[in-house]
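Each residue of the sequence shown is one higher than the one before, starting from 1 at the first, in the UniProt record's numbering.
Glycine included, every Cβ here is placed at the ideal spot set by N, Cα and C.
As structure tokens, the structure follows; a few thoughts come after it.
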Amino acid sequence: MPIGYQPPKFQQFDGKGNPKQHVAHFVETCNNAGTYGDHLVKQFVRSLKDNAFDWYTDLEAGSINGWEHLEQEFLNRFYNTRRIVSMVELTNSRQWKEEPVVDYINRWRNLSLNCKDRLSEASAIEMCIQGMHWELCYILQAIKPKTFEELTTRAHGIETSFNCKEDEYSVDPNDDDGDATP
1 MPIGYQPPKF QQFDGKGNPK QHVAHFVETC NNAGTYGDHL VKQFVRSLKD
51 NAFDWYTDLE AGSINGWEHL EQEFLNRFYN TRRIVSMVEL TNSRQWKEEP
101 VVDYINRWRN LSLNCKDRLS EASAIEMCIQ GMHWELCYIL QAIKPKTFEE
151 LTTRAHGIET SFNCKEDEYS VDPNDDDGDA TP
């Protein structure tokens, strides 16, 4: 390593998650710190922990002949555990009974990021709306939000309005005649 070299701080990889992303972050971090090529081999161990660190320390001495070889061995050993979501699964995703609409939209969006097929934002919004409780779906189809930000804002406002109406007509447990009180 060059004189005065300060090793960068690395994101730690434990054997779970996306190894390709880990390698990309590692290389970028090293390159930004002035480390390239086979110098990466010496730094790589600093980015590993748990099962990934155990794998590295179990490599036979002299078995790695450069960065490209280490990278290939690493990617062969640790594979991506990300699940690919089908269009059918995305289409069948529904808002749960007591799930707030903002939570549903976020859950749907996260699921859609793992879908192998790419959707336009307009198609994604329409598909997300289709999975909402029917009252929200009916109103939002008429509004036709153009962005997820608009969808989230409007859906939250509508849901809040529904909740306020329900609260207005709730039964007072202290009321002897059991009438709904506005």
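- prompt: According to the Cβ coordinates, are Phe44 and Phe74 closer than 9 Å?
  reply: The residue labelled residue 44 in the question sits at position 44 within the sequence shown. The residue labelled residue 74 in the question sits at position 74 within the sequence shown. Phe74 sits close to Phe44, with the two beta carbons spaced by under 9 Å.
Proximity test, Cβ basis, 9 Å: Asp58 and chain B: In the displayed structure, chain B is absent; only one protein chain is listed.
message: Please report the straight-line C-alpha distance between Gln21 and Arg109, rounded to a whole angstrom.
response: Within the sequence shown, numbered from 1, the residue matching residue 21 stands at position 21. Within the sequence shown, numbered from 1, the residue matching residue 109 stands at position 109. For Gln21 and Arg109, the gap between their C-alpha atoms comes out near 20 Å.
- prompt: Leaving out the 5 sequence neighbours to the left and right, which residues in its chain are closer than 7 Å to Thr152 when beta-carbon positions are compared?
  reply: On the sequence shown, position 152 is the one that residue 152 refers to. Within the same chain, Thr152 has close Cβ partners Val102 and Ile105.
message: I need the DSSP call for Tyr59, collapsed to helix, strand or coil.
response: Along the sequence shown, one-based indexing puts residue 59 at 59. The sequence given here places Leu at residue 59; Tyr does not occur at that position. In the structure shown, the three-state DSSP call for Leu59 is coil.
task: Note down the Cα distance separating Ser161 from Met132, rounded to an integer number of angstroms.
output: Mapped onto the sequence shown, residue 161 falls at position 161. Mapped onto the sequence shown, residue 132 falls at position 132. One C-alpha to the other measures close to 16 Å.
query: Going by the CB atoms, is the gap between Cys115 and Met87 shorter than 9 Å?
result: Residue mapping note: residue 87 aligns to position 87 of the sequence shown, counting from 1. Residue mapping note: residue 115 aligns to position 115 of the sequence shown, counting from 1. Their beta carbons are under 9 Å apart, which means Met87 touches Cys115 by this criterion.
First through last residue of the alpha helix (DSSP H) which encompasses Met87: Numbered from its first residue, the sequence shown carries residue 87 at position 87. For Met87, the enclosing alpha helix (DSSP H) has its first and last residue at Met87 to Asn92.
- prompt: Per DSSP, Cys164 is paired with what?
  reply: Sequence index remark: in the sequence shown, residue 164 carries index 164 (1-based). Per DSSP, Cys164 has no beta-bridge partner at all.
message: Let's see if you can read the secondary structure: which residues bound the alpha helix (DSSP H) around Arg77?
response: To locate residue 77, count along the sequence shown from 1; it is residue 77. For Arg77, the enclosing alpha helix (DSSP H) begins and ends at Trp67 to Arg77.
message: Am I right that Asp54 and Asp14 are in contact with their C-beta atoms under 8 Å? What's the rounded C-beta distance?
response: In the sequence shown, counting from the first residue as 1, residue 54 sits at position 54. In the sequence shown, counting from the first residue as 1, residue 14 sits at position 14. Contact doesn't hold; Cβ gap of about 10 Å is too wide.
- prompt: For the candidate residues Leu48, Val41, Arg118 and Arg94, whose alpha-carbon lies nearest to that of Trp134?
  reply: Residue numbering aside, residue 134 sits at position 134 when the sequence shown is read from its first letter. With distances taken between CA atoms, Trp134 lies nearest to Arg94 out of Leu48, Val41, Arg118 and Arg94.
query: If you compare alpha carbons, which of His69, Phe10 and Arg154 is closest to Ser47?
result: Taking the first residue of the sequence shown as 1, we reach residue 47 at position 47. Between Ser47 and the set His69, Phe10 and Arg154, the nearest pair of CA atoms involves Phe10.
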